[in-house]
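For reference, the structure is listed below as structure tokens.
Number of protein chains: 2
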Amino acid sequence: MLGCMTTAPPEPRPAARLRIVLADDIAIGPGKAELLEGVRDTGSIAAAGRRMKMSYKRAWMLIDTMNRCFATPLVATVRGGAGRGGATLTETGEAVLAAYRRMEARAEAAVQDELGALKALLAGRQETGRE
Amino acid sequence: MLGCMTTAPPEPRPAARLRIVLADDIAIGPGKAELLEGVRDTGSIAAAGRRMKMSYKRAWMLIDTMNRCFATPLVATVRGGAGRGGATLTETGEAVLAAYRRMEARAEAAVQDELGALKALLAGRQETGRE
Numbered sequence: 001m002l003g004c005m006t007t008a009p010p011e012p013r014p015a016a017r018l019r020i021v022l023a024d025d026i027a028i029g030p031g032k033a034e035l036l037e038g039v040r041d042t043g044s045i046a047a048a049g050r051r052m053k054m055s056y057k058r059a060w061m062l063i064d065t066m067n068r069c070f071a072t073p074l075v076a077t078v079r080g081g082a083g084r085g086g087a088t089l090t091e092t093g094e095a096v097l098a099a100y101r102r103m104e105a106r107a108e109a110a111v112q113d114e115l116g117a118l119k120a121l122l123a124g125r126q127e128t129g130r131e
Numbered sequence: 001m002l003g004c005m006t007t008a009p010p011e012p013r014p015a016a017r018l019r020i021v022l023a024d025d026i027a028i029g030p031g032k033a034e035l036l037e038g039v040r041d042t043g044s045i046a047a048a049g050r051r052m053k054m055s056y057k058r059a060w061m062l063i064d065t066m067n068r069c070f071a072t073p074l075v076a077t078v079r080g081g082a083g084r085g086g087a088t089l090t091e092t093g094e095a096v097l098a099a100y101r102r103m104e105a106r107a108e109a110a111v112q113d114e115l116g117a118l119k120a121l122l123a124g125r126q127e128t129g130r131e
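Listed in order, the protein sequences are those of chains A and B.
Mapping of the first sequence onto the numbering used here: residues 1 to 131, in sequence order.
Mapping of the second sequence onto the numbering used here: residues 1 to 131, in sequence order.
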């Protein structure tokens, strides 16, 4: 946590991480967006959580909070006869996820110029001709 | 943490919180920006930390990390003969803080339209005619 390399490693793309605070008790950031994508891709809250190394309990709680904060749920669960059933993104879930990704892309585009200037101030990061 | 009010409380302004990831080991977000502002306003790392209810140790560590990640320090400390001396923002510190605040403003402006659409999907938040 204290470290800061002084020689340039392979550089990750600078990123603007966006957290949208919709109200006191609900925010959407990279984590919740990735979790929604996980549900969409895997059809399961447990699998979506595992993909992010997140406990089932935590994944479930995050989704439960989102479901209760929006007028209609973002994730619908199908309870099987035994064990944990599947889950899918609802139409609202798809809309919220898509809106977040659009906002993220717009925010990133809006700060690109400043990002370059900030990076130039970092230690050990001489111009490499890369973007 | 689980709560989500279903009746509309006085609404805070929706906010886009921005976290700028400059490299693997250095990011600047609302917390570090507020800390830099605290140093500028109070002339003291301890006082800047207190203002955020942050321990002196944590405030010091965050600033030390920033100082070592940039080519020139963002915060300069003046060690007195006894106890903790004062601290000031350097020219680089002012530049980084100003760049972050500009990026934040640009990001927020870039997502305003989408924010309104997202808010309309929240539970218990009927149109009030307010922005």
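Think of the CB as a built atom: it goes at the ideal place given N, C-alpha and C, for glycine as much as any other residue.
Top-ranked residue by Cα proximity to residue i, from the options
i: K53/A; options: R106/A, M66/A, L35/A and F70/A; result: L35/A
i: I26/A; options: L62/A, L89/A and D113/A; result: L62/A
i: D41/A; options: G29/A, L97/A and R17/A; result: L97/A
i: A123/B; options: A33/A, G38/A, R68/A and M103/A; result: R68/A
i: D24/A; options: L22/B, A105/B and A15/B; result: A15/B
Listed by chain order, chain A residues near residue i by CB distance under 9 Å
i: T92/B; result: L121
i: K50/B; result: The sequence given here has Arg at residue 50/B, not Lys. What R50/B touches in chain A: nothing, since even the nearest Cβ is about 22 Å away.
i: A16/B; result: L18, R19, I20, V21, M103 and A107
i: V96/B; result: L118 and L121
Range of the contiguous beta strand (DSSP E) that encloses residue i
i: A71/A; result: Neither: A71/A is in no beta strand (DSSP E) and is coded neither H nor E.
i: R79/A; result: Where R79/A is concerned, there is no enclosing beta strand (DSSP E), given that its DSSP letter is neither H nor E.
i: G86/A; result: G86 to L89
i: L36/A; result: First-last for L36/A: P30 to T42, but that is the alpha helix (DSSP H), not the beta strand (DSSP E).
Buried/exposed call for residue i, threshold 16 Cβ in 10 Å
i: G85/A; result: exposed
i: A59/B; result: buried
i: K57/A; result: exposed
i: G116/A; result: exposed
i: S44/A; result: buried
i: T128/A; result: Any reading at T128/A must be qualified, since the residue scores a pLDDT of 49, below 50, and its modelled position is unreliable; the value itself is stated next. Label assigned to T128/A: exposed.
i: L118/B; result: buried
Contact belief for residue i with residue j at Cβ below 8 Å, rounded distance in angstroms
i: T92/A; j: L121/B; result: 6 Å
i: R19/A; j: R17/B; result: 4 Å
i: A109/B; j: E114/A; result: With a Cβ gap of about 13 Å, A109/B and E114/A do not count as contacting.
i: T77/A; j: T90/A; result: Not a contact, Cβ separation roughly 10 Å.
i: A107/B; j: A46/A; result: Incorrect: roughly 34 Å between the Cβ atoms, too far for contact.
i: V39/A; j: V75/A; result: 5 Å
Check: residue i C-beta below 7 Å from any heavy atom of the ligand NAD
i: A95/A; result: Absence of the ligand NAD is noted for the structure shown, with no ligands found whatsoever.
Under 7 Å by beta carbon: chain B residues contacting residue i
i: A147/A; result: With chain A running from 1 to 131 in the structure shown, residue 147/A is simply not present.
i: R58/A; result: Neighbours of R58/A on chain B: none; closest Cβ ~11 Å, over 7 Å.
i: V75/A; result: What V75/A touches in chain B: nothing, since even the nearest Cβ is about 14 Å away.
Cross-chain neighbours of residue i in chain A, by beta carbon under 7 Å
i: E37/B; result: Residues of chain A passing the Cβ test: none, with the nearest at roughly 17 Å.
i: E114/B; result: A99, R102 and M103
Interface partners of residue i on chain B, CB under 8 Å
i: A33/A; result: The contacting residues do not exist; A33/A stays about 12 Å from chain B at best.
Chain A residues whose Cβ lies nearer than 8 Å to that of residue i
i: A110/B; result: M103, R106, A107, A109 and A110
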